[in-house]
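Residue numbers (the working numbering): 46 to 403.
Backbone N, C-alpha and C fix where the C-beta goes; we use that ideal spot for every residue, glycine too.
Computed from a predicted structure; not experimentally measured.
Following: one structure in structure tokens, then a few remarks.
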Ligand SMILES: [Zn+2]
Ligand SMILES: [Zn+2]
């Protein structure tokens, strides 16, 4: 079957190969025919080495498709079921799962050193244990979450990562208070989802911050009350909050520089929500006086910061009721053969979400 492979960390181009096989099928596993996958910024971060990932590997972790085959002991799925791929499955038994914080379950990382694919040249890994830039993946049954018939594959794929992450940051982690002021730094698919989450919670002011003009325009359509470039943020802070700083600032880039900017634009006693996935050697500097004296709450938000499956269900309910716009997030749509062009669009920031149809 076909898959897009990165041979070495640091390379920019993927090679589409047709001699790949998804491996590991057996008890407790399912084989999924991927139908749609989104390009998430974390795919680029794995390709360029910001996020740890063995190579060669198939990127992609935001996918949806249908079950082809189920292994022994898999009782709740059958061939033909439509599923979203969850890259962070919950084991249901560890302390984090028992507390309801399934986003902190580490079970999905236990197979991190195990290849997901094979080709005549050797083993190939899958990003985050999945690797959805492929026609087929083999995953734990817990990574295949059934979706209702009315949810198209492209929408389901978005729910598999970006939308769950961005909406959850506002709804679960920040639990944005009605009437509050919000700034969202970084307005790709995840940032726009945070904008939509803040709007749902009744934020009075939502300032979208992004260097790319087309993304600022999009943010206004999705509920931002103002959209500014990073250089204009100081002025917006003055105008919207009288210089005090925002009640909530979402950092959706994953860099210490933007996290520092976010911290400085959060009001004393306000909340900084860290959504972006950054590098292990990129350090955020805070001095001990400001940390204590300004009483700003720093809340990291991993995969939406709440029970993952309930977040999926909530997103589907909101989408079905027309309360969140997911189709509008898909600004580009391409076949797997054009994935390198799609990655370039993502690097230049013109895409909110690109859907790869497989
Ligand atoms: Zn667990
Ligand atoms: Zn992602």
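Practice item. Within 10 angstroms of the Cβ of residue 283, are there 16 or more other Cβ atoms? Answer buried if so, exposed if not. Key: Within the chain shown, numbered from 1, the residue matching residue 283 stands at position 238. Its Cβ having fewer than 16 others within 10 Å, residue 283 is exposed.
Practice item. Look at the Cβ atom of residue 113, then the Cβ atom of residue 181, and state whether they are nearer than 8 Å. Key: Here the question's residue 113 lines up with position 68 in the chain shown. Here the question's residue 181 lines up with position 136 in the chain shown. It is a contact, given that the beta carbons lie within the stated cut-off.
Practice item. Check whether the Cβ of residue 107 lies closer than 7 Å to any heavy atom of ligand 2, and answer yes or no. Key: By one-based count along the chain shown, residue 107 stands at place 62. Yes, since a heavy atom of ligand 2 falls inside the 7 Å radius drawn around the Cβ of residue 107.
Practice item. Report all residues from its chain with a CB closer than 7 Å to the CB of residue 329; omit the five preceding and five following residues, and keep chain order. Key: Here residue 329 refers to the residue found at position 284 of the chain shown. Answer for residue 329: 301, 304, 305, listed in chain order.
Practice item. Take residue 226 as the anchor and find which of 285, 378, 353 has the nearest alpha-carbon. Key: Within the chain shown, residue 226 is the residue found at index 181, counting from 1. Minimum Cα distance to residue 226 is reached at 285.
Point to revise | Candidates 211, 233, 400, of which the one nearest residue 360 by Cα | key: Here the question's residue 360 lines up with position 315 in the chain shown. Answer by Cα proximity: 211.
Review point. Should residue 332 go down as buried or exposed, given a rule of 16 or more other Cβ atoms within 10 Å for buried?
Key: Here the question's residue 332 lines up with position 287 in the chain shown. Exposed, since its Cβ has fewer than 16 Cβ neighbours within 10 Å.
Point to revise | Start and end residues, alpha helix (DSSP H) containing residue 86 | key: Here the question's residue 86 lines up with position 41 in the chain shown. Residue 86 -> alpha helix (DSSP H) spans 86–92.
Exercise for review: May I ask whether a heavy atom of ligand 2 can be found less than 7 Å away from the beta carbon of residue 87?
Suggested key: Locating residue 87 in the chain shown gives position 42, counting from the first residue. At least one heavy atom of ligand 2 is nearer than 7 Å to the Cβ of residue 87, so yes.
Practice item. In the DSSP assignment, find the unbroken beta strand (DSSP E) run with residue 348 in it and report its ends. Key: On the chain shown, residue 348 is found 303 positions in, with the first residue counted as 1. Premise fails: residue 348 is in no beta strand (DSSP E) and is neither H nor E.
**Study point:** Sequence-distant residues of the same chain with beta carbon closer than 6 Å to residue 289, five excluded per side
**Key:** Here residue 289 refers to the residue found at position 244 when the chain shown is read from its first residue. Cβ within range, chain order: 312.
Point to revise | Straight-line Cα distance separating residue 372 from residue 224 | key: As a first step, residue 224 must be located in the chain shown, where it is residue number 179. As a first step, residue 372 must be located in the chain shown, where it is residue number 327. Computed Cα separation, rounded: 27 Å.
Exercise for review: Answer yes if the stretch 162–182 comes into contact with the stretch 98–108, meaning at least three C-beta pairs across the two stretches below 8 Å, and no otherwise.
Suggested key: yes
Point to revise | the stretch 143–160 / the stretch 235–248 touching (three or more Cβ pairs under 8 Å) | key: no
Exercise for review: State the beta-bridge partners of residue 82 as determined by DSSP.
Suggested key: Taking the first residue of the chain shown as position 1, residue 82 is located at position 37. Bridge partners of residue 82: 108, 401.
Point to revise | Beta carbon of residue 128 nearer than 8 Å to that of residue 190 | key: As a working mapping, residue 128 is identified with position 83 in the chain shown. As a working mapping, residue 190 is identified with position 145 in the chain shown. Closer than 8 Å, so yes.
Point to revise | Straight-line gap, residue 256 to residue 335 (C-alpha atoms, nearest Å) | key: Indexing the chain shown from 1 puts residue 256 at position 211. Indexing the chain shown from 1 puts residue 335 at position 290. In a straight line, the C-alpha of residue 256 is about 28 Å away from that of residue 335.
Point to revise | CA-to-CA distance, residue 294 to residue 319, given in whole angstroms | key: Translated into the one-based positions of the chain shown, residue 319 becomes position 274. Translated into the one-based positions of the chain shown, residue 294 becomes position 249. Approximately 9 Å, taken between the alpha carbons.
Exercise for review: Pair every Cβ in the stretch 351–368 with every Cβ in the stretch 214–222, then say whether three or more of these pairs are closer than 8 Å.
Suggested key: yes
Exercise for review: For the alpha helix (DSSP H) holding residue 285, just list the boundary residues, first then last.
Suggested key: In the chain shown, counting from the first residue as 1, residue 285 sits at position 240. It spans 278–286 - the alpha helix (DSSP H) in which residue 285 sits, taken as one unbroken run.
Check your understanding: Would you say the stretch 190–202 touches the stretch 361–368, given that touching needs at least three Cβ pairs under 8 Å?
Key -> yes
Check your understanding: From the beta carbon of residue 384, is the nearest beta carbon of chain B less than 8 Å away?
Key -> Protein chain content of the structure displayed is limited to a single chain, and chain B is not contained in it.
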